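Numbering (this note's numbering), first residue to last: 2 to 406.
Note that the Cβ used here is the ideal one computed from N, Cα and C, for glycine as well.
Given the structure is predicted, the values throughout are model-derived calculations rather than measurements.
Structure, as C-alpha cells:
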Ligand SMILES: Cc1cc2nc3c(=O)[nH]c(=O)nc-3n(C[C@H](O)[C@H](O)[C@H](O)COP(=O)(O)OP(=O)(O)OC[C@H]3O[C@@H](n4cnc5c(N)ncnc54)[C@H](O)[C@@H]3O)c2cc1C
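See below:
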C-alpha cells in the first residue's frame, strides 16, 4: 500500500516536488497537497508579467488539473493547514477533517514584510505576493492612483514597472544608495536606475520611510529626512519572511526559516521542508532555482535513492522592469580578485567579470545577458579560463572560436 505523504503549500516548490517524485517514486506515496490559495499552483515569478499586462493570469498555471489527477494527487486548495500533531502524525486543516501522514513536507513559502511604521495599517497599503495582490494593484493602476513602492530590490522594481505600464504614476523608494544592492555593483545599479527612470518611474535612493499619512486611507508618505510624497497607495516590497508558524507551534526547530539538514529533513524525523520556508546551512533562499534543486534532492531521498543537497550557487537572471539583468557569484570582487569591465551607458549595457585564481568567480550583466548561462556554468564548474580570458568578455561564440584556433 502507498505511504501517505502530505505536502503543505501548493506553490512552486510543492509542484516541482510532485513532478520529481512522479519520476523517481511513482506509486510509492499517496500524495495529498494542501494549499491555502484558491487555485491550482502557478508560476509566481510570472506575476510581474501579469501585472505588466504581458501575460494573462490564466496562462501562468504550472500544470493543468488533469496533470495532478493523472499522478493520483489529492489536491486541497483554498484550505489552510492549521496544526501539525507530530505525535499522532496528523495535519489539521481549517474547517475540515485531518489528514494522517507518514511523511510530511512543509512548502509554505514566505510572506511579504510590512514595515513597522505609523500608518502601515491604513487602507491603501498593500503587498505583492499572489494573484489577489495583482488584481488589487491592477485596479489601482486602472484608477490612475498615485503609488509609492517601498523597496528597490527585485520585487519593488517589478511592482513599480508593472504599475507604471498599467498606467499609474509611480515613485520607487529605496533605503540604500543603489538599487538591487544584493545583486549589483554601483555602476550596474546606476545604469539600471537610469533605464528604470526612462520608463517614467521616479526613483528616490537613501529614502527611509518614517510614516504613512492619512485619516483612514493613504494620503502620502513621509521620509526620515522630512521629504513628503503625495500618494493614494503604498506597496511594501521590502523583503520577505519565511512562513514558519505552523512548524514552530508543532515544536519543529526553526530559526529564520525551518531548519533542515542535507536531505531537507527538519529536526523531526519524517518531516521535511523545502523552498522559501526552509533554512539550509543558515541560508533561506528567496529564489526559485534553489527550491527546484531542493525538490530534486528530496524526491530522490524519499525514493530511497540517496543524494545530498549541498546548497545552491545563487544567480539572478531576469528582466527587471523590462531590463535584462544577470548577477552571480562574487559580483563585487573580493580582495586579490581582478575585474574586467565593459560599460556603454548610452546603449544601456554593462558587463563585469570577476576573476580569482585563474577562474571566473562572479559576473554582473545589465542590458545584454545573452551569455549569462555560459558565465554561470564557468562559475559553477570553476574551470580555468586562461585560454579564453582575452575574449570571454565578448561572449561565448568568440571565446570558443579563439580557443579552438
Ligand atoms: C512577484 C514575484 C516575482 C518573483 N520573481 C522571481 C524571479 O524572477 N526569479 C526567482 O528566482 N524568484 C522570483 N520570485 C520568488 C519565487 O516566486 C519564490 O522563490 C518561489 O515561489 C518559492 O516557492 P515556494 O513553493 O517555496 O513558495 P510559494 O510559491 O510562495 O508557495 C507557498 C504556498 O504555500 C501556501 N501556504 C503557506 N502557509 C500555508 C498553510 N498553513 N496552509 C496551506 N497553504 C499554505 C502559500 O499560500 C503559497 O501558496 C518572485 C516572487 C514574486 C512574489
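With 16 other Cβ atoms within 10 Å as the buried cut-off, status of residue i
| i | result |
| --- | --- |
| residue 285 | buried |
| residue 88 | exposed |
| residue 257 | exposed |
| residue 27 | exposed |
| residue 317 | buried |
| residue 407 | The requested residue 407 does not occur in the structure, where the chain is confined to residues 2 to 406. |
| residue 144 | exposed |
| residue 216 | exposed |
| residue 283 | exposed |
| residue 402 | exposed |
| residue 59 | exposed |
| residue 322 | buried |
| residue 38 | buried |
| residue 229 | exposed |
| residue 441 | Shown here, the chain extends from 2 to 406; a query on residue 441 therefore has no answer. |
| residue 125 | buried |
| residue 133 | exposed |
| residue 225 | exposed |
| residue 17 | buried |
| residue 42 | buried |
| residue 24 | exposed |
| residue 239 | buried |
Per DSSP, the bridge partner or partners of residue i
| i | result |
| --- | --- |
| residue 325 | 320 |
| residue 210 | 224 |
| residue 266 | 273 |
| residue 62 | 43 |
| residue 348 | None; residue 348 has no bridge partner. |
| residue 93 | 84 and 99 |
| residue 56 | According to DSSP, which records beta bridges pairwise, residue 56 is partnered with nothing at all. |
| residue 218 | 124 |
| residue 360 | 357 and 385 |
| residue 237 | 128 and 151 |
| residue 198 | BP columns for residue 198 are empty, so no partner. |
| residue 33 | 7 and 75 |
| residue 284 | 281 |
| residue 231 | 221 |
| residue 67 | DSSP lists no partner for residue 67. |
| residue 259 | 255 and 279 |
| residue 111 | 243 |
| residue 339 | 356 |
| residue 172 | 149 and 203 |
| residue 106 | 8 and 273 |
| residue 365 | 328 and 353 |
Sub-9 angstroms separation of residue i and residue j beta-carbons
| i | j | result |
| --- | --- | --- |
| residue 19 | residue 100 | no |
| residue 354 | residue 376 | yes |
| residue 105 | residue 6 | yes |
| residue 277 | residue 152 | no |
| residue 140 | residue 232 | no |
| residue 167 | residue 53 | yes |
| residue 259 | residue 270 | no |
| residue 142 | residue 156 | no |
| residue 365 | residue 158 | no |
| residue 181 | residue 328 | yes |
| residue 235 | residue 222 | yes |
| residue 381 | residue 357 | no |
| residue 396 | residue 363 | no |
| residue 13 | residue 292 | yes |
| residue 169 | residue 129 | no |
| residue 237 | residue 113 | yes |
| residue 76 | residue 61 | no |
| residue 281 | residue 312 | yes |
Nearest neighbour of residue i, chosen from the options [CA to CA]
| i | options | result |
| --- | --- | --- |
| residue 3 | 16, 31 and 9 | 31 |
| residue 82 | 114, 165, 182 and 108 | 108 |
| residue 287 | 314, 273 and 253 | 314 |
| residue 91 | 52, 248 and 127 | 248 |
| residue 11 | 78, 242, 125 and 177 | 78 |
| residue 343 | 320, 368, 319 and 331 | 368 |
| residue 8 | 161, 149 and 80 | 80 |
| residue 220 | 146, 185 and 199 | 146 |
| residue 84 | 333, 312 and 251 | 251 |
| residue 213 | 123, 275 and 238 | 123 |
| residue 346 | 390, 192 and 300 | 192 |
| residue 262 | 63, 295 and 102 | 295 |
| residue 304 | 311, 22 and 205 | 22 |
| residue 179 | 206, 360 and 290 | 206 |
| residue 374 | 350, 117, 45 and 319 | 319 |
| residue 149 | 102, 137, 204 and 360 | 204 |
| residue 73 | 118, 29 and 210 | 29 |
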